[in-house]
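Student: Just passing along the structure, written as structure tokens.
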Amino acid sequence: MKEESAAAYGVCGDGSGSARPLGRFAVVPQAHTEVVGETASNSGVLLFSCVVFAVVFCLVAGAWLGIAGTFGVAVLVSAALAATLACMSVHIAQQWERVVVLRLGKFNRASGPGLFWTIPVIEQNAMRVDGRVRSTTFGAEETLTSDLVPLNVSAVLFWMVYDAEAACTEVGDFARAVELSAQTALRDAIGRGSAAEVAIRRQQLDRELKKALEEKVAPWGITVLSVEIRDILLPKELQDTMSLEAQAEQRKKARITLAEAEQDICDMMCDMGEAYAENDAALRLRAMHLLYESVRETGGTVVVPSSFSEGFGDVLPDVAKEVLRGK
2 MKEESAAAYG VCGDGSGSAR PLGRFAVVPQ AHTEVVGETA SNSGVLLFSC
52 VVFAVVFCLV AGAWLGIAGT FGVAVLVSAA LAATLACMSV HIAQQWERVV
102 VLRLGKFNRA SGPGLFWTIP VIEQNAMRVD GRVRSTTFGA EETLTSDLVP
152 LNVSAVLFWM VYDAEAACTE VGDFARAVEL SAQTALRDAI GRGSAAEVAI
202 RRQQLDRELK KALEEKVAPW GITVLSVEIR DILLPKELQD TMSLEAQAEQ
252 RKKARITLAE AEQDICDMMC DMGEAYAEND AALRLRAMHL LYESVRETGG
302 TVVVPSSFSE GFGDVLPDVA KEVLRGK
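Position one of the sequence shown corresponds to residue 2 (the numbering used here), numbered consecutively onward.
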């Protein structure tokens, strides 16, 4: 596997990040954050170095020729040496890069972006650090929860380097260290909760992981922007069991809700019964209202027996009484 781009510059690699699977979920971090086809080009930096070399070579050779009047091997060697020293002295860092400069093996400064100078032989560019936001995928396979359930969890980590000095001097391969720290924190977080808690409380798990990782990687000059859980896979047998448990829980809630509704209806009927028991006229009016509601929408006709019509005698006017009696 090619080395990660965090360590991809200077002494740490070739700058082309890649990922290799470790099982189903665990993946070594992809160091670069650029989409394929949008990778930044360093051709401008190389062209600048070539131009510096050519210009210095021509100037030294022309000056030697103008002073000595001769052109030989010594002139070529001197011009080439001067041009090489010039290329070792002037450098360009891209907008997103910070270059760690060591002087006689000790940290001197972090230069860039743009044009900067170094002392040939005395100072060296130890590492070019990419300061953009990076994404690292990681996971935990068959990690036991507190109730001894094996889970497969995958997540993605967004982070960036804010201190190039610490990233270069405090840790050897900080991209790999971040990925391993994330895996360890994820396993610890899974082990502290039950399977149901891990599956349901994703946001809480994200916050716990972010806090744990921030404390771990802060001395390395790295900041964690966010941690997001992607997938949580339960064993097939456990999925079936949890499905049955969820169905039973829903049926329980439905029955409780129905019982509460019946209790409320019973209380209301008791109150209505007490009110009607104290007022016979209200009961008769309610009976008439129910009778009216039953035929209003259908447009039907209700034939009231004479014995039933006598029950409305106390509340109906004399005319209505005669109509109901058929007079």
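We treat Cβ as the ideally placed atom computed from N, Cα and C, and that holds for glycine.
Given the structure is predicted, the values throughout are model-derived calculations rather than measurements.
Would you kindly report the start and end of the unbroken alpha helix (DSSP H) that includes Glu61?
Tutor: One detail in the question is off: residue 61 reads as Val in this sequence, not Glu. Looking at the DSSP string, the run of the alpha helix (DSSP H) that includes Val61 is 44–69.
Student: Kindly give me the distance between the Cβ atoms of Phe159 and Ser136, rounded to whole angstroms, as I take these residues to be in contact under 8 Å.
Tutor: With 8 Å as the limit, Phe159 and Ser136 qualify as a contact, their Cβ atoms being about 6 Å apart.
Student: As a quick exercise: from Val102, Trp97, Phe54, Val76, pick the residue whose alpha carbon is nearest that of Thr85.
Tutor: Phe54
Student: Identify whether Ile123 lies in helix, strand or coil by the three-state DSSP scheme.
Tutor: In the three-state reduction of the DSSP assignment, Ile123 falls in the coil class.
Student: Within a Cβ cutoff of 8 Å, which residues of the same chain sit near Glu215, ignoring the five residues on either side of it in sequence?
Tutor: Thr224, Val225
Student: Under 8 Å Cβ to Cβ from Glu143, same chain only, skipping five residues before and after it: list those, please.
Tutor: Pro151, Leu152, Asn153
Student: What distance in whole Å lies between the Cβ atoms of Ala80 and Ala62, which are believed to be in contact at a cut-off of 8 Å?
Tutor: 4 Å
Student: Looking only at its own chain, which residues have a Cβ that is under 6 Å from the Cβ of Ala200, when we skip the five neighbours before and after it?
Tutor: Ile233
Student: The beta strand (DSSP E) spanning Leu145 covers which residue range?
Tutor: 135–145
Student: Where does the unbroken beta strand (DSSP E) through Gly300 begin, and where does it stop?
Tutor: Counting along the chain, Gly300 falls outside any beta strand (DSSP E), and DSSP gives it neither H nor E.
Student: Taking 6 Å as the line, does the beta carbon of Ala167 fall inside it for any heavy atom of the ligand FMN?
Tutor: Absence of the ligand FMN from the depicted structure is noted, as is the absence of any ligand whatsoever, leaving it without description.
Student: Name, in chain order, the residues that DSSP records as bridge partners for Leu234.
Tutor: Asn153
Student: Short of 8 Å in beta carbon distance, which residues of its chain neighbour Ile123, apart from the five on each side in sequence? Order them along the chain.
Tutor: Arg104, Leu105
Student: To the nearest angstrom, how far is the alpha carbon of Thr119 from that of Cys88?
Tutor: 10 Å
Student: Please state whether DSSP places Phe175 in a helix, a strand or coil.
Tutor: helix
Student: Let me know if Gly222 comes out buried or exposed under the rule of 16 or more other beta-carbons within 10 Å of its beta-carbon.
Tutor: buried
Student: Nearest to Ala127 by alpha carbon, out of Ser112, Leu145, Glu261, Lys211?
Tutor: For Ala127, the closest of Ser112, Leu145, Glu261, Lys211 by C-alpha to C-alpha distance is Ser112.
Student: What whole-angstrom Cβ distance do Val179 and Val218 have, given they're in contact under 8 Å?
Tutor: 6 Å
Student: Going straight from the alpha carbon of Thr56 to that of Leu82, what length do you get?
Tutor: The question names Thr, yet the displayed sequence has Val at residue 56. A direct Cα-to-Cα measurement between Val56 and Leu82 gives close to 13 Å.
Student: Look up Asp281 in the DSSP assignment and say whether it is helix, strand or coil.
Tutor: helix
Student: How would you label Gly140, buried or exposed, when you count the other beta carbons within 10 angstroms and need 16 or more for buried?
Tutor: buried
Student: Closer than 6 Å by C-beta to Lys328: which residues in its own chain qualify, once you throw out the five before and the five after it? Chain order, please.
Tutor: Note on Lys328: pLDDT 47, under 50, position unreliable in the model; the coordinate value appears next. Once the five neighbours on either side are set aside, Lys328 has no close Cβ partner at all.
Student: Take the Cβ of Val36 as the centre, count every other Cβ of all protein chains shown within 10 Å, and call the residue buried at 16 or more, exposed below.
Tutor: Residue placement at Val36 cannot be trusted, given a pLDDT of 40 that sits under 50; the coordinates are not used to answer.
Student: With a 10 Å radius around its C-beta and 16 neighbouring C-beta atoms as the bar for buried, classify Val29 as buried or exposed.
Tutor: Confidence in Val29 is poor, its pLDDT being 35 and thus under 50, which makes the residue's placement too unreliable to answer from.
Student: Would you kindly check if the distance between the Cβ of His92 and the Cβ of Phe58 is under 7 Å?
Tutor: Remark: C-beta atoms of Phe58 and His92 do not approach each other more closely than 7 Å.
Student: In terms of residue numbering, what span does the beta strand (DSSP E) encompassing Arg110 cover?
Tutor: 107–112
Student: Does the Cβ of Leu235 have 16 or more other Cβ atoms within 10 Å, making it buried, or fewer, making it exposed?
Tutor: buried
Student: Check this for me: beta carbons of Ile230 and Arg203, under 7 Å apart or not?
Tutor: yes
Student: For Ser244, which three-state DSSP category applies?
Tutor: helix
Student: Under the rule that 16 or more other beta-carbon atoms within 10 Å means buried, what is Val1, buried or exposed?
Tutor: Outside the modelled stretch of the chain, which goes from 2 to 328, sits residue 1, for which no answer is possible.
Student: Going by C-alpha to C-alpha distance, which of Glu275, Ala94, Leu286 sits closest to Val47?
Tutor: The sequence as given places Leu at residue 47; Val does not occur at that position. That would be Ala94, whose Cα lies nearest to the Cα of Leu47.
Student: On the DSSP bridge assignment, give the partners of Glu250 in chain order.
Tutor: Note: Glu250 sits in no beta bridge, so no partner.
Student: With DSSP collapsed to three states, give me the class of Trp97.
Tutor: coil
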